[in-house]
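Q: Just so we're aligned: the sequence shown equals residues 1 to 161 in UniProt numbering. Ideal placement from N, C-alpha and C gives every residue a C-beta, glycine not left out. My structure is below; once you've seen it, I'll send some questions.
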Amino acid sequence: MIEFFDYQCMYCSKIAPVVKELQKANPNVKFIFKETPIFANRWEASKYAADMGNWIFQQKGSDAYEQYHNAIFATRKDEGNLTKADVDTAAKSVGVDTAKMNLDNSFMQNFKLFSELGFQGTPALIVMPTENANKDNVKVINGFDPQGLKNAIADLTAKTK
Numbered sequence: 001m002i003e004f005f006d007y008q009c010m011y012c013s014k015i016a017p018v019v020k021e022l023q024k025a026n027p028n029v030k031f032i033f034k035e036t037p038i039f040a041n042r043w044e045a046s047k048y049a050a051d052m053g054n055w056i057f058q059q060k061g062s063d064a065y066e067q068y069h070n071a072i073f074a075t076r077k078d079e080g081n082l083t084k085a086d087v088d089t090a091a092k093s094v095g096v097d098t099a100k101m102n103l104d105n106s107f108m109q110n111f112k113l114f115s116e117l118g119f120q121g122t123p124a125l126i127v128m129p130t131e132n133a134n135k136d137n138v139k140v141i142n143g144f145d146p147q148g149l150k151n152a153i154a155d156l157t158a159k160t161k
């Protein structure tokens, strides 16, 4: 499952607990999170949180990244309410020195892919097998559709057993 998201997106915030629940229930499904701060021009913390997330992944790996990711969404702050201080608190909770963060805009590659796939808003989710993906076994969920996401993962895992 690939999710394009923005930490300031209210629907991303609403689907985050569903994704977390699905991760626990489906340990054989790989979850990939693509930082896509579509609200960066409106809210600076959107870009800052994306940069921080990518930097944490590069420095500390996927476990620390996932903890950070979940900590940001656990603030329940979206639509411009997330602050740099909130981001720093989440980052420090996984043991990083935020003063050393490199703002490299690495999320721009995610934007390119997001656009090439025709997405215009977040969350944008893709559920697909890791091998032999085709139009019949790839499901795209545009927007907030928790049941659609659950069904797509259930269908895929049933087919790969």
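Tell me the DSSP secondary structure of K30 in three-state form.
A: For this step, residue 30 is matched to residue 30 along the sequence shown. In the three-state reduction of the DSSP assignment, K30 falls in the coil class, being assigned neither a helical nor a strand state.
Q: Count Cβ pairs between the region 3-13 and the region 25-43 that sit closer than 8 Å; are there 3 or more?
A: yes
Q: Should N142 and L156 be called a contact, given that it needs their Cβ atoms to be closer than 8 Å?
A: As a first step, residue 142 is located in the sequence shown; it is residue number 142 there, counting from the start. As a first step, residue 156 is located in the sequence shown; it is residue number 156 there, counting from the start. Contact flag unset, no.
Q: List the residues that DSSP assigns as beta-bridge partners of N142.
A: Taking the first residue of the sequence shown as position 1, residue 142 is located at position 142. Paired residues: A124.
Q: Check this for me: beta carbons of I56 and Y65, under 8 Å apart or not?
A: By one-based count along the sequence shown, residue 56 stands at place 56. By one-based count along the sequence shown, residue 65 stands at place 65. If you check the CB distance, I56 and Y65 come in under 8 Å.
Q: Return yes when at least one heavy atom of the ligand FAD lies under 7 Å from the C-beta of I153, else no.
A: Here there are no bound small molecules, and the ligand FAD is not part of this structure.
Q: Could you tell me the boundaries of the alpha helix (DSSP H) in which F5 lies?
A: Counting from 1 along the sequence shown, the entry for residue 5 is found at position 5. Bounds of any alpha helix (DSSP H) do not take in F5; it lies within the beta strand (DSSP E) bounded by 2-5.
Q: What are the residues that DSSP puts in a beta bridge with E35?
A: Along the sequence shown, one-based indexing puts residue 35 at 35. Bridge partners of E35: F5.
Q: Looking at P129: is its Cβ nearer than 8 Å to the Cβ of I15?
A: Position 129 of the sequence shown, counting from 1, holds the residue named residue 129. Position 15 of the sequence shown, counting from 1, holds the residue named residue 15. Not in contact: P129 and I15 (Cβ atoms no closer than 8 Å).
Q: Between the beta-carbon of K60 and the beta-carbon of V87, is there less than 8 Å?
A: Within the sequence shown, numbered from 1, the residue matching residue 60 stands at position 60. Within the sequence shown, numbered from 1, the residue matching residue 87 stands at position 87. Their beta carbons are not under 8 Å apart, which means K60 does not touch V87 by this criterion.
Q: Between which two residues does the alpha helix (DSSP H) harbouring N110 extend?
A: Walking along the sequence shown from the start, residue 110 turns up at place 110. Element bounds for N110: 108-116.
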